[in-house]
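Using this note's numbering, read the sequence shown as starting at 36 and increasing by one per residue. Using N, Cα and C, we set each Cβ at its ideal position, and we do this for glycine too. Quick caveat: nothing in here was measured; it's all calculated off a predicted structure.
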Amino acid sequence: AIKDYENLDMENMKITFRRGENTSSYPFWNLLNGPLADAMWHTGQVVSHRRSSGNPFDSTVSLFSGKKRK
């Protein structure tokens with residue numbers, strides 16, 4: 036766990052994987068890219084399936100707040 040949040044250097048933080056003698060390091064953000072891309076992909080699938088089933092997303096709903104606009 037990270038305890039000193041104020042002094043984190045997120046731009047240069049690395050995630051290191053070790054397998055036996057081999058190690059490989061990647062930027063921290065690569066750890067987030069996969070799950071975020073997957074979430075966006077599936078959100079698009081849900082919207083597409085709703086449209087094709089005749090139940091499209093209500094365009095008067097704010098995607099940011101989740102509230103229906105007047």
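Requested in this report: Counting only runs of 4+ residues fully inside the region 59-91, write out the alpha helix (DSSP H) ranges in chain order.
Outcome: 63-87
**Report entry** Those residues which DSSP pairs with F52 across a bridge
**Finding:** S59
Query raised in the report: Which one or two residues does DSSP pair with K102 in a beta bridge?
Result: Per DSSP, none; premise fails for K102.
Report task. Identify, in the order they occur along the chain, each residue of the same chain with its Cβ nearer than 6 Å to the Cβ of S57, setting aside the five sequence neighbours on each side. Result -> Reading the sequence as shown, one finds Asn at residue 57 and not Ser. Within the same chain, N57 has no close Cβ partners at all.
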